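Every number in our numbering is 76 more than the matching position in the sequence shown, counting from 1.
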Amino acid sequence: MIWNPELECMDRAARKRLQFARLKNLVEHVYNAVPFYRQKFDAAGVKPSDITCIADIAKLPFTTKSDLRETYPYGLLAVPQSEIVEVHMSSGTTGTPVVDAYTDSDLNDWAEAMARSLAGAGACKNDTIQNAYGYGLFTGGMGVHHGTRKLGATIVPISSGNTEKQLAMLRDFKSSVFTCTPSYALYMAERAKELGIDLKALPVRAGIFGAEPWSEGMRIKIEEEWGIKAYDIYGLTEITGPGVACECEAQNGMHVNEDLFYPEIINPETGEPLPDGEKGELVFTTLTKQGTPLIRYRTRDITFIMDEECGCGRTTRRIHRLFGRTDDMMIIRGVNVFPSQVENALVGIKGVEPNYLITLNRNPNTHLDEAELQVEVSAEAFSDETKNLEALRANIDAVMKSKLGIHLKIKLVEPKTIERFTGKSKRVIDNRKL
Ligand code: DLL
């Protein structure tokens with residue numbers, strides 16, 4: 077179902093005009109209302125009047141995560157604080173958290189973006205949506221919650237964790253749509269098996285998974301284990317939370333809610349804009365946000381924009397499934413490796429589970445990087461003879477070498493020994509002091 081055909085299926089030229097009108101308002105407003113932006117624009121020698129078409133956005137300076145950290149918590153507010161009705165925060169892995177502060181109108185836009193996303197994944201008023209994203213300062217729980225209210229579906233606000241209760245609620249409330257991180261969806265499948273629960277017998281028909289990188293292989297595995305359609309959803313706290321972009325029934329790239337969030341792709345090294353179809357760093361400008369509007373925010377996420385129109389009827393451009401982040405890219409002996417590549421390779425190998433941990437060390441004598449990949453063996457393979465396990469190890473080694481171009485030290489570990497996550501998973505430990 078298309079939630080808002082007027083805006084999602086709008087003629088592309090008309091959408092560009094709308095984006096330009098919104099950008100123009102935004103730039104004028106932040107220049108006058110937020111000293112941080114006025115200083116940035118002045119330093120870059122650009123005035124609001126220099127923005128005469130949407131492509132002129134490239135004249136504006138970028139905003140970065142460190143800008144947000146330096147202005148924590150309220151330095152980027154573009155309205156009086158009395159207008160703020162909700163705040164969220166992302167803790168990140170290091171340093172000061174970043175804050176998003178929403179006015180009532182911002183919450184409405186977020187709910188709209190999320191309602192479109194839920195509808196894109198086939199949900200409607202008649203559905204029961206069980207929401208296992210964490211509630212609290214993290215945007216996952218509340219984002220799906222606001223969107224479900226707008227859609228008019230029933231929300232089960234269970235939050236993350238408590239797997240047995242999740243399974244019971246899926247059954248008792250007959251939840252038809254389930255939302256959580258992809259790693260938690262897999263963990264639930266594992267727990268369900270242990271408890272003798274057949275997920276396929278439950279009424280769930282769709283899952284909307286995001287908040288962390290996952291692979292096409294993992295999608296297939298989740299769809300098989302759960303007997304559902306698994307949709308990818310993207311978002312980040314700084315821009316609004318989940319719902320910035322989401323897949324439709326075609327499951328081929330995530331439609332960006334472009335009337336609200338203007339996407340660009342840049343070369344992460346030079347900052348130059350790249351054309352649609354070219355891979356680079358995703359940058360967003362919030363076109364309607366009042367509380368903490370962001371101009372050309374560098375997400376550090378890597379993808380490309382898919383310009384071709386989708387068969388679903390929406391005219392919005394899509395972003396490809398994320399390849400990783402500029403800051404989780406591991407450089408191992410000079411080769412760029414993303415955890416998602418490792419995951420994708422593992423999912424195709426029989427006898428292993430997609431649970432893994434990469435540990436990076438630097439050898440103090442040779443000064444070379446050493447990467448160890450711990451892989452969990454499936455219960456069946458583990459009970460096999462030692463020589464078969466050795467053959468499995470050699471196979472993983474060969475697959476990794478051919479897919480990544482480097483040799484990882486493979487260590488097979490017993491089933492269920494690698495930590496499970498109910499929210500975002502952590503797959504890399506980097507002990508190198510670089
Ligand atoms: O993770 C918002 C969210 C909640 C998205 C629920 C989807 C579902 P943050 O905690 O600020 O916000 O983390 C944002 O997570 O910059 C990406 O690196 C990563 N991320 C989010 N969605 C995806 C996805 C939420 N579908 C950061 N694929 C982003 C890959 C994703 N990475």
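C-beta atoms are modelled at their ideal positions from N, C-alpha and C, and glycine is treated no differently. No experiment lies behind these values; they were computed from the predicted model shown.
If you measure from the CB of I309, is any heavy atom of the ligand DLL nearer than 7 Å?
The ligand DLL approaches I309 closely enough that one of its heavy atoms is under 7 Å from the residue's Cβ.
Straight-line CA distance for L370 to S166?
16 Å
Cβ-heavy atom distance between S459 and the ligand DLL below 7 Å?
Checking the Cβ of S459 against the ligand DLL gives no.
Helix or strand or just coil, what does DSSP make of S478?
S478 carries a helical assignment under DSSP once its states are collapsed to helix, strand and coil.
Going by DSSP, what residue range makes up the alpha helix (DSSP H) through P430?
It is not in any alpha helix (DSSP H) - P430 instead sits in the beta strand (DSSP E) that spans 428 to 438.
Check whether the Cβ of R401 lies closer than 7 Å to any heavy atom of the ligand HEM, and answer yes or no.
This structure does not include the ligand HEM; its bound ligands are the ligand DLL.
Integer Cβ distance of L153 from L144, believed to fall under 8 Å
The pair is not a contact, with the Cβ atoms about 12 Å apart (cut-off 8 Å).
Are the CB atoms of G210 and G217 nearer to each other than 8 Å?
yes
Does the beta-carbon of P430 have 16 or more other beta-carbons within 10 angstroms, so that it is buried, or is it exposed?
buried
Our contact map puts L194 next to L363 with C-beta atoms below 8 Å; I'd like the distance itself, whole angstroms only.
L194 to L363, Cβ: 21 Å. No contact.
Exposed or buried, what is E452 when buried is set at 16 or more other beta-carbons lying within 10 Å of its beta-carbon?
buried
Quick one: Cα of C256 to Cα of L468, how far?
31 Å
Closer than 7 Å: is that where the CB of S166 sits relative to any heavy atom of the ligand DLL?
yes
Measuring CB to CB, does G311 end up less than 8 Å from G212?
no
So, using beta-carbon positions, are W290 and P339 closer together than 8 Å?
no
Enumerate, from N- to C-terminal direction, the unbroken beta strand (DSSP E) stretches of 3 or more residues contained entirely within the segment 151 to 197.
160 to 166, 174 to 179
Would you mind sorting R511 into buried or exposed? The rule is 16 or more other CB atoms within 10 Å of its CB.
This structure does not reach residue 511, given that the chain is present from 77 up to 510, and the question cannot be answered.
From this set, A287, I234, A265, Y263, which residue's C-alpha is nearest S251's C-alpha?
I234
What three-state label does DSSP hand I494 in the structure shown?
coil
Could you name each continuous beta strand (DSSP E) segment of 3 residues or more that falls completely within the segment 200 to 254, going from the start of the chain to the end?
204 to 207, 230 to 232
Using a Cβ-Cβ cut-off of 6 Å (strictly less than) and excluding sequence neighbours within five positions of N420, which residues of its own chain qualify?
In the same chain as N420, and ignoring 5 residues on each side of it, the C-beta atoms closer than 6 Å to its own belong to S291, G293, in chain order.
Taking just the CA atoms, how far does H483 sit from L449?
10 Å
Going by other Cβ atoms of all chains shown within 10 Å of its Cβ, with 16 needed for buried, is G317 buried or exposed?
buried
Identify, in the order they occur along the chain, each residue of the same chain with its Cβ nearer than 7 Å to the Cβ of N343, setting aside the five sequence neighbours on each side.
L350, G356
At the level of alpha carbons, what is the spacing between I130 and F360?
13 Å
The segment 458 to 468 contacting the segment 433 to 442, beta-carbon criterion three pairs below 8 Å:
With the cut-off at 8 Å, the segment 458 to 468 and the segment 433 to 442 do not touch.
Closer than 7 Å: F414 CB and nearest the ligand DLL heavy atom:
no
DSSP has K513 in a bridge; who is on the other side?
Not covered by the structure: residue 513. The range shown for the chain is 77 to 510.
Starting from the Cα of T172, find the closest Cα among T346, T147, M190, Y178 and give me that residue.
T147
What first and last residue would you give for the beta strand (DSSP E) that runs through D506?
504 to 506
Are the segment 375 to 386 and the segment 270 to 285 in contact at 8 Å, needing three or more beta carbon pairs?
Contact annotation: the segment 375 to 386 does not touch the segment 270 to 285, with fewer than three C-beta pairs closer than 8 Å.
Compare the C-alpha of A447 against each of T402, G427, P415, S454 and name the closest.
P415
Would the segment 323 to 338 and the segment 385 to 396 be scored as touching if the rule is three or more Cβ pairs under 8 Å?
yes
Residue from V332, D118, S501 with nearest C-alpha to D383:
Of the candidates V332, D118, S501, the one whose C-alpha sits nearest the C-alpha of D383 is V332.
Counting only the same chain and skipping the five closest in sequence on each side, list residues whose C-beta sits under 7 Å from that of A306.
Cβ within range, chain order: G283, F285, R295, I298, E299.
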